[in-house]
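Visitor: Under this note's numbering, the first residue of the sequence shown is numbered 89, with each subsequent residue one higher.
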Amino acid sequence: MDLRFTDEELAFRREVRAFLRESLPPEIHRKLAEGCRLGKADLVRWTCILHARGWAVPHWPVEWGGVDWDPVRQMIFRDEVQQFPAPETLSFGTSMVGPVIYTFGSDAQKRRFLPRIATLEDWWCQGFSEPGAGSDLAALKTRATRDGAQWVINGQKAWTTLAQHADWIFVLARTDGSARKQQGISFILIDMTSPGISVRPVQTIDGGFEVNEVFFDDVRVPLENLVGAENRGWDYAKFLLTNERSGQARIGLSKARLRRIRALASTPRNGAPVLIEDPVFRRKLAELEVEVRALELTQFRVIADERHKEQGRPNPASSILKIKGSELQQATTELLMDVLGPAGLVRHAESGPAAFDWARGGTSTYFNLRKLSIYGGSNEIQRTIIARAILGL
Numbered sequence: 089m090d091l092r093f094t095d096e097e098l099a100f101r102r103e104v105r106a107f108l109r110e111s112l113p114p115e116i117h118r119k120l121a122e123g124c125r126l127g128k129a130d131l132v133r134w135t136c137i138l139h140a141r142g143w144a145v146p147h148w149p150v151e152w153g154g155v156d157w158d159p160v161r162q163m164i165f166r167d168e169v170q171q172f173p174a175p176e177t178l179s180f181g182t183s184m185v186g187p188v189i190y191t192f193g194s195d196a197q198k199r200r201f202l203p204r205i206a207t208l209e210d211w212w213c214q215g216f217s218e219p220g221a222g223s224d225l226a227a228l229k230t231r232a233t234r235d236g237a238q239w240v241i242n243g244q245k246a247w248t249t250l251a252q253h254a255d256w257i258f259v260l261a262r263t264d265g266s267a268r269k270q271q272g273i274s275f276i277l278i279d280m281t282s283p284g285i286s287v288r289p290v291q292t293i294d295g296g297f298e299v300n301e302v303f304f305d306d307v308r309v310p311l312e313n314l315v316g317a318e319n320r321g322w323d324y325a326k327f328l329l330t331n332e333r334s335g336q337a338r339i340g341l342s343k344a345r346l347r348r349i350r351a352l353a354s355t356p357r358n359g360a361p362v363l364i365e366d367p368v369f370r371r372k373l374a375e376l377e378v379e380v381r382a383l384e385l386t387q388f389r390v391i392a393d394e395r396h397k398e399q400g401r402p403n404p405a406s407s408i409l410k411i412k413g414s415e416l417q418q419a420t421t422e423l424l425m426d427v428l429g430p431a432g433l434v435r436h437a438e439s440g441p442a443a444f445d446w447a448r449g450g451t452s453t454y455f456n457l458r459k460l461s462i463y464g465g466s467n468e469i470q471r472t473i474i475a476r477a478i479l480g481l
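1) Under 6 angstroms Cβ to Cβ from His396, same chain only, skipping five residues before and after it: list those, please.
2) What is the rounded straight-line gap between the Cα of Gln336 and the Cα of Trp148?
3) Among Lys229, Leu376 and Asp426, which has the Cα closest to the Cα of Glu415?
4) Which full runs of the beta strand (DSSP E) of 3+ residues lie inside the stretch 335-368, going along the chain?
5) Which residue marks the beginning of the beta strand (DSSP E) containing Cys213, and which one marks its end?
6) Using beta-carbon positions only, say whether Ile276 and Leu314 come within less than 7 angstroms of one another.
7) Between Ile116 and Trp134, how many whole angstroms is the CB-CB distance? I'm expecting something under 8 angstroms.
8) When the Cα atoms are used, what is the spatial distance from Pro173 to Glu110?
9) Using DSSP bridges, identify the partner residues of Thr233.
10) Nearest by alpha-carbon distance to Thr472: which of Ile411, Ile278, Ala419 and Leu457 is it?
11) Quick check on the burial criterion: 16 or more other C-beta atoms within 10 angstroms. Buried or exposed for Leu481?
12) Can you name the residues that DSSP bridges to Phe258?
13) Quick one: Cα of Trp348 to Cα of Arg166, how far?
14) Can you tell which of Gly272, His253, Ile205 and Lys326 has its C-alpha closest to the C-alpha of Ser286?
15) Looking only at its chain, what residues have a beta carbon closer than 6 angstroms to the beta carbon of Arg161, apart from the 5 residues adjacent to it on each side?
16) Express the C-alpha separation of Asn358 and Ser406 in angstroms, rounding to a whole number.
17) Tell me, please, which residues DSSP counts as bridged to Lys289.
18) May I ask which residues mark the beginning and end of the alpha helix (DSSP H) holding Ile478?
19) Per DSSP, Val315 is paired with what?
20) Is the beta carbon of Val302 closer than 7 angstroms to that of Ala251?
21) Determine whether the beta carbon atoms of Thr421 and Tyr454 lie at a separation below 7 angstroms.
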């Protein structure tokens, strides 16, 4: 495999960088650079800017707003967005339900939903996990029962990210209780304004309200909101989760965080020794930089092998990216906490002494990213996938 970028690919990288410099609103860039949360309005604003440039959903088919980029250009674009940093589009729409709809959905569903996902006119959330069905997702108990021209949905979803903002939710529901647990599951699209839906916020360890419980009590949904074939939802979920796990590597974010760590550690503060001069710290930093580079090379290998995608099968190598990507994001935030020291405690809140603005967002990010090795399929489950699908054990 040739790891060198072509002249055309290098020119494309420069084009993306120039676009980000010229187009990203400075206040949004500042929030991300400092590790602060973006509001819904920030993400909608940026998505509209991307859509105007034609880059909101570059990985989609051209007929639905995508760009005819090969996987390398898609990787370059994602890497530059993460490193700048700029916001990524709402993954629940653009990288999860969108590809499921254009791959398995009806023509009516494609026409109705895809244009509104691309512009973020519709905000989507993911209704998969349940109190008794997290890593063992196939154990879900939410049911969808036919009643004339409608489904009647009853059940509960847990850890539903950003459901408080959502217009729609894509749900895995059991439509055949007599089948094996991996079977008898369907993939259904539900309007969040439907009577019978209630959302309960859950405060996370970083002090935010990113996740929610969602309850369905006799929620009525048109039959045409079923995606693909009835009882084939597990297949569609595996397709979706492959996209989710590949995106969780977030190598660009780890590279950007390491640059911030190196810059902060090289800056004298309040007469304290310059941390970068500590050989133990330098070794930790160098080890992480090497591991991030190794993961990037692994991502190149995955991109070079498109056979699984072309055959419509999930690529088990995405589990490798998910495991190592989540571990490196956690490790880089731990090292960042070493750099912040007591200032990180002061800046855990969104307000504090201006003298500590350089430490903004670090502690919240550290706590928030503890979730990475659990969500999207826990890392233990990913190791089982690797053992069975790659190693043949």
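The C-beta atom is built at its ideal place from N, Cα and C for all residues, glycine as well. Note that the structure is a prediction, hence the values are computed from the model and not measured.
Guide: On the basis of the supplied data:
1) Because His396 carries a pLDDT of 48, less than 50, the predicted location of this residue cannot be relied on, and no value is offered for it.
2) 18 angstroms
3) Leu376
4) none
5) Trp212 to Gly215
6) yes
7) 6 angstroms
8) 13 angstroms
9) Val240
10) Ile411
11) exposed
12) Gln214 and Leu277
13) Looking at the sequence provided, one finds Arg at residue 348 rather than Trp. Between Arg348 and Arg166, the C-alpha separation is close to 19 angstroms.
14) His253
15) Phe100
16) 44 angstroms
17) It is Pro, not Lys, that sits at residue 289 in the sequence shown. Looking at the DSSP assignment, Pro289 forms a beta bridge with Asn300.
18) Note, Ile478: premise wrong, no alpha helix (DSSP H); not H, not E.
19) Phe275
20) yes
21) yes
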